[in-house]
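Worksheet for the structure shown next.
Protein chains: 2
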Amino acid sequence: MGDQRTILQEWLNKIQAELESVVKFWTTHSHDVENGGFFNCLDKDGKVYDEIKYTWLQARQVWMYCRLYVEVERFHTPDILEAARNGADFLLEKCLIKQNGFTRCPFSVAKDGATIKVQRTMFAECFYVLAMSEMGRASTEEKYKVAARDMMRQIKHWCLVDTEGLGRENIPGSSFSASLAVPLMAYCVWEQMLTCEINWSDDAEVLQKWALDKMLQHIQRNGQHVLENVSDLGEELPGSAGRLQIPGHAIEGGWFLLQNAMMNKDKELAEKALTSFINKPFEQGWDKVNKGIFYFLDVEGYSPTQLEWNMKLWWPLNEAMIAFLMAYQYTADNSYLEKFQTVAEYTFAKFPDKQHGGWYGYLDNKGELTHRFKGGPWKGFFHVPRSLYMCEKILKKLL
Amino acid sequence: MGDQRTILQEWLNKIQAELESVVKFWTTHSHDVENGGFFNCLDKDGKVYDEIKYTWLQARQVWMYCRLYVEVERFHTPDILEAARNGADFLLEKCLIKQNGFTRCPFSVAKDGATIKVQRTMFAECFYVLAMSEMGRASTEEKYKVAARDMMRQIKHWCLVDTEGLGRENIPGSSFSASLAVPLMAYCVWEQMLTCEINWSDDAEVLQKWALDKMLQHIQRNGQHVLENVSDLGEELPGSAGRLQIPGHAIEGGWFLLQNAMMNKDKELAEKALTSFINKPFEQGWDKVNKGIFYFLDVEGYSPTQLEWNMKLWWPLNEAMIAFLMAYQYTADNSYLEKFQTVAEYTFAKFPDKQHGGWYGYLDNKGELTHRFKGGPWKGFFHVPRSLYMCEKILKKLL
């Protein structure tokens, strides 16, 4: 274990330093002191190249600041809490609209909060719950908890009753819960409310059960593959959508499930998480020639129809770092630590920017940088710091 | 001109041969004899890898078959007309739904025509007009002309009155006509109805004027750039969306405008088409290092936020082939023929598949194939045969 300890300590040092660099980059460049909220689109040097605000990213940044404030001592500072509040209040005051009798979060707003686009999904609302609940925990203020609770009840309705409030038409064959992202997200907010000890429903467990069951339905083809889209009854769908694999999603789901299994001492669930959601998708998604994790795959080897299928994005690697370190923590099996290192070495070699701080996000198939920005419509202050924070936490437990 | 004649004749030979290969690939593999309509998703050997039918592609294939039937002698066969009718009747009988008091075309349907997805844009309906009008011309049957006429009136309404019927909310700052694609498409259907001599409105010219004016509004920054998105008043929009250039779109618009200018002997418009829509976007979009045309660009050199921005797609090259050959026809300026050759040589080297016939569609930045299929959700029997047919037509006039 002497050798392992050295390895773990070295990674802890690297990860702590990188987390500080990333926090510094975003606290320096992303705060909109005039309007509240955060600028999401930051160029390599931190310059704002677009003032649109994406609510997914607003909310995730609030959540992340609060989580760091609550759980990591060196970030338990008034500045971090103030930054989080700045974002939470922007969401609460400027990013809610009424639609079809529901309270919706737009997908994107102008810098002053004016609505630009509303999606027909519940993801923005889920991230809003993450933000409000964690802000409630960090600040102990009731208004944020109330906001989280109210939205959570809507989410339960959309998952368990119907999705009409989302502006989706009820088209046969186009199922709301078809995508792995939906139960993954539902599980994530359920777990979040538990962590924050916000009681939002007398039968909150129903949502947990629904989300876990739905996630497990994605294990298909004799347990060999996690498919991204399945029918409401858990059957494989026809065509490219049915054959689609998103290894990063599966692996993210894997550590969610493993965490749940560890909490409930559920060995069977842990086994499914490790085998079906972490090991196989990584085996299938890791590029043995050029390294990195493919974004999309077709389970039968056809070309995925997504143009960016063979690109190497930062976030699947971030998820894999968490998953393998958690798997190592749970099993004490060295092979997981080795996999963690394989992924982390590639990730640390490719994404951090030593010059300006912060991480890049997008590489082509061969590992060459395709986009120079640090923040964009789909990349904010979330996957990178969450991965670093989770890995730091696990590493500290292991040491 | 002796040398030029040889060049033109050689290209004519190559293009004719390639057009036959492409027609053969699609007539052999794409026809759904059981349900009507066409399979769009064809693997490299023609195998159907997904049975979803995309109405854009259904309609474009009908249009293309009819156009070849009407204008190219060797395709004036009962088989081609029958294939077109097979698609037109599928659209007419199975791909129309009522929504908000309008007749809509879904974006995608199952193989039997059951609706899968409806978009909040008018593009499917525009392609439906292309199909019905050209089918009316090819078959001389009134029912197709009536269908085209009815839909055309809706399109005029969406362009000139309001877009409520499309299910779009009226969000300030999110303008319907902001994208170059909208007036380009509106112009395209207007021109199509004229070509087919279908009288659909006493003031059809209003739509033409609207579309041309709107297209020209996209010339921005002192005439140096065609921007993809502008405000309703023709002003540059903020952020990445405002700075976005899609060279392939501009060049496609360029030959639409040039054709209009030639028809109306409008020298001023021809000049704008050549300078602003064809030459500059090509100069800006052609990759001097690796060849090919970038899919997306940011006019100030920031990274475009689209993941696939630096990929080399087949269709911008197809559009550039038409544009440069038409420019050469109009100006007799040799530099256009040279540009045509530069583009056509790269295109012919990269996309045709000698083994199975048909063309691939997607290359990475360096020109390596990323997707092996011949048909997919966004690639059907349209850009390739339209380009080859248009080039063949122009070359024959030049020879």
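Going down the list, the protein sequences come from chains A and B. Going by my numbering, the letters in the first sequence line up with residues 81 to 479, in that order. Going by my numbering, the letters in the second sequence line up with residues 81 to 479, in that order. Each residue gets a CB set at the ideal place from its N, CA and C atoms; glycine is no exception. Nothing here was measured: the structure is a model prediction, and the numbers come from that model.
With a threshold of 7 Å between beta carbons, A:Ile-132 makes contact with chain B.
The beta-carbon of B:Gly-381 is placed no less than 7 Å from the nearest beta-carbon of chain A. One thing to note: A:Met-215 has its Cβ within 7 Å of the Cβ of A:Ala-164.
Between the beta-carbon of A:Gly-245 and that of A:Gly-181 there is about 6 Å, and that keeps the pair under the 8 Å contact cut.
Within the segment 430–453 of chain A, the residues whose Cβ lies closer than 8 Å to some Cβ of chain B are Tyr-442, Asp-444, Asn-445, Thr-450, His-451, Arg-452, Phe-453, listed in chain order. Taking 8 Å as the cut-off between beta carbons, the residues of the segment 120–131 of chain B near chain A are Cys-121, Asp-123, Tyr-129, Asp-130, Glu-131, in sequence order. Pairing A:Gly-126 with A:Glu-388, the inter-Cα distance amounts to about 25 Å. Within chain A, no C-beta atom comes less than 7 Å from the C-beta of B:Ser-311; the nearest is roughly 13 Å away. Note that the C-beta distance between B:Asp-130 and B:Phe-453 is not below 7 Å. Ranked by Cα distance from B:Tyr-149, the first of B:Glu-448, B:Pro-465, B:Leu-475, B:Thr-183 is B:Pro-465. Exclusion of the five residues before and after A:Phe-404 leaves Tyr-416, Lys-419, Phe-420, Val-423 as the residues of its chain whose Cβ lies within less than 7 Å of its Cβ. For A:Ser-219, the nearest beta carbon of chain B is not closer than 7 Å to its own beta carbon.
The beta-carbon of A:Leu-387 is placed less than 7 Å from the nearest beta-carbon of chain B.
Annotation note: the segment 429–476 of chain B contains no uninterrupted alpha helix (DSSP H) run of length 4 or greater. Among the CB atoms of chain A, none fall inside 7 Å of the CB of B:Ser-259.
A:Leu-377 sits in a strand when the DSSP states are folded into three classes.
At least one CB of chain B lies nearer than 7 Å to the CB of A:Gly-456.
Boundaries of the beta strand (DSSP E) around B:Thr-195: 195–197.
For the pair A:Leu-292 and A:Trp-270, the Cα-to-Cα distance works out to about 11 Å. Scanning chain B for C-beta atoms nearer than 9 Å to the C-beta of A:Ser-320 yields Cys-121, Tyr-129, Asp-130, Ile-132, Gly-456, Pro-457, reported in chain order. In this structure A:Leu-92 is not in contact with A:Leu-397, their Cβ atoms being roughly 18 Å apart against a cut-off of 8 Å.
Taking 9 Å as the cut-off between beta carbons, the residues of the segment 388–408 of chain A near chain B are Glu-388, Trp-389, Asn-390, Met-391, Leu-393, in sequence order.
In the three-state reduction of the DSSP assignment, B:Thr-422 falls in the helix class.
The DSSP-derived three-state label of B:Ser-110 is coil. Sequence-distant Cβ neighbours of B:Pro-361 in its own chain, meaning closer than 6 Å and more than five residues away, are Val-306, Pro-327, Ala-330, Ile-331.
Beta bridge pairing from DSSP links B:Ser-259 with B:Asn-309. Rounded to whole angstroms, the gap between the alpha carbons of B:Tyr-426 and B:Asn-370 is 10 Å.
Spatial neighbours of A:Glu-399 in its own chain (CB-CB distance under 6 Å, excluding positions within 5 residues in sequence) are listed in chain order as Gly-328, Ile-331, Glu-332. B:Thr-157 counts as exposed, since fewer than 16 other beta carbons sit within 10 angstroms of its beta carbon. Apart from sequence neighbours up to five positions away, the residues of its chain that approach B:Glu-316 with a beta-carbon distance below 7 Å are Gln-300, Leu-307, Val-310, Gly-322, ordered along the chain. Per DSSP, B:Phe-182 lies in no alpha helix (DSSP H); the unbroken beta strand (DSSP E) holding it starts and ends at 182–184.
As far as DSSP is concerned, A:Ser-320 takes part in no beta bridge. Beta-bridge annotation (DSSP): B:Phe-118 is paired with B:His-111. Setting aside the 5 residues that flank it on each side, B:Cys-206 is surrounded in the same chain by Ile-235, Met-265, Ala-266, Cys-268, Val-269, each with a C-beta closer than 8 Å to its C-beta; the list follows chain order. If you look at B:Gln-179, you'll find it in the beta strand (DSSP E) that goes 177–179.
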